[in-house]
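Structure record follows, encoded as structure tokens.
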Amino acid sequence: SLRLVEREADCEIKFELEVRNTDDTAMEVTTAHLRLSPEHGDESQEDCGVQPVEYTVGEDELPVVIAKLKKNQSLKLTAIAKKGLGKMHAKWCPASGIVFTYEPVVRLHYEKLEQLTVAQRKKWAEECPPGLLKWNDQINQVEVEDEINIGIAFSGECEKLAKDTFGAEFMDLVVVKPKCGDDGMPNRFHFSVETNGALDPVTLVRAALWELQKKFTDMEKCLHPEENRFL
């Protein structure tokens with residue numbers, strides 16, 4: 031891996047590529063055709079240990095296609111691989127989308143539910159998207175699902191169905207709020223992580239947690255320099 035130092039030149043690796051298609055069929059130029067340059071600037075790159083990343087299909091690791099050449103076409107280029115951070119430029123950010131939600135707090139308005147008939151309550155519970163409410167035949171009442179679907183809970187579909195079926199005054203038959211502020215102290219969060227393929231989501235989250243832990247450790251050392259002088 032590259033050493034992250036102050037000089038930008040020390041965060042770069044130079045590759046070269048030169049291929050020519052002499053066959054009648056199309057030729058795929060891939061990252062496997064990239065060759066590490068012997069030198070970059072005045073420094074040798076022989077022992078840098080950097081190589082293009084391949085992607086996995088099943089159990090096979092395949093190179094990334096750069097271009098396709100027809101017969102007698104050629105491609106020659108010099109490529110500079112740079113090490114950077116997502117806060118410097120989006121091209122270094124492995125995450126394409128990260129969203130988190132609080133744990134939902136679901137409350138049923140039983141006083142208004144009692145104003146409806148058993149058939150009306152059952153129909154409403156069964157027509158709501160699955161993942162938030164369920165019908166209990168033993169007590170003839172609507173209940174909150176044991177396993178709540180976060181997307182359904184915050185979608186507002188059950189509230190909208192109650193409004194359309196029974197009127198605007200019944201829109202609050204079920205109230206869903208995030209567990210924060212007046213509705214409780216948040217102690218559980220639901221994260222959705224999507225990457226651009228450079229890293230898988232599990233590796234990305236683990237790397238982020240490691241980096242966060244490292245920053246906390248560095249901060250503690252700065253706050254208590256005497257205690258950490260001999261570490």
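Going by the working numbering, the letters in the sequence shown line up with residues 31 to 261, in that order.
The beta-carbon is built from N, C-alpha and C at its ideal position, and this holds for glycine as well.
Pairwise C-alpha distance: residue j and residue i
i, j, result
"P255", "N217", "32 angstroms"
"L146", "T131", "32 angstroms"
"C210", "I128", "20 angstroms"
"E187", "G181", "10 angstroms"
"E91", "E84", "6 angstroms"
"G227", "A97", "19 angstroms"
"Q168", "A155", "15 angstroms"
"T233", "E89", "18 angstroms"
"K112", "L253", "33 angstroms"
"G197", "H139", "15 angstroms"
"R37", "W240", "With a pLDDT of 45 at R37, under the threshold of 50, the predicted position of this residue should be treated as unreliable, and no value is reported."
Residue i in three-state terms, based on DSSP
i, result
"T55", "coil"
"E173", "strand"
"L162", "coil"
"H63", "helix"
"A111", "strand"
"K209", "coil"
"R218", "coil"
"E144", "coil"
"G79", "coil"
"S31", "Unreliable positioning characterises S31 in this predicted model, as indicated by a pLDDT of 34, which lies under 50. The coordinate reading is nonetheless provided below. S31 falls in the coil class under three-state DSSP."
"K152", "helix"
"E256", "coil"
"I182", "helix"
"E69", "strand"
"K117", "coil"
"R37", "No answer about R37 holds up, because its pLDDT of 45 lies below 50 and its placement is not dependable."
Endpoints, the beta strand (DSSP E) within which residue i is located
i, result
"E46", "42 to 50"
"D90", "90 to 92"
"A97", "95 to 99"
"G186", "Run containing G186: none; DSSP gives neither H nor E here."
"L138", "134 to 138"
Contact belief for residue i with residue j at Cβ below 8 angstroms, rounded distance in angstroms
i, j, result
"L162", "E175", "6 angstroms"
"A183", "P134", "4 angstroms"
"V205", "R151", "Actually they are not in contact, since the Cβ atoms of V205 and R151 sit about 16 angstroms apart, beyond 8 angstroms."
Continuous alpha helix (DSSP H) stretch holding residue i: start and end
i, result
"A228", "Here A228 belongs to no alpha helix (DSSP H), and DSSP marks it neither H nor E."
Are there three or more Cβ pairs, one per stretch, closer than 8 angstroms when the region 66 to 75 is compared with the region 99 to 106?
-> no
The region 108 to 126 / the region 219 to 237 touching (three or more Cβ pairs under 8 angstroms) = yes
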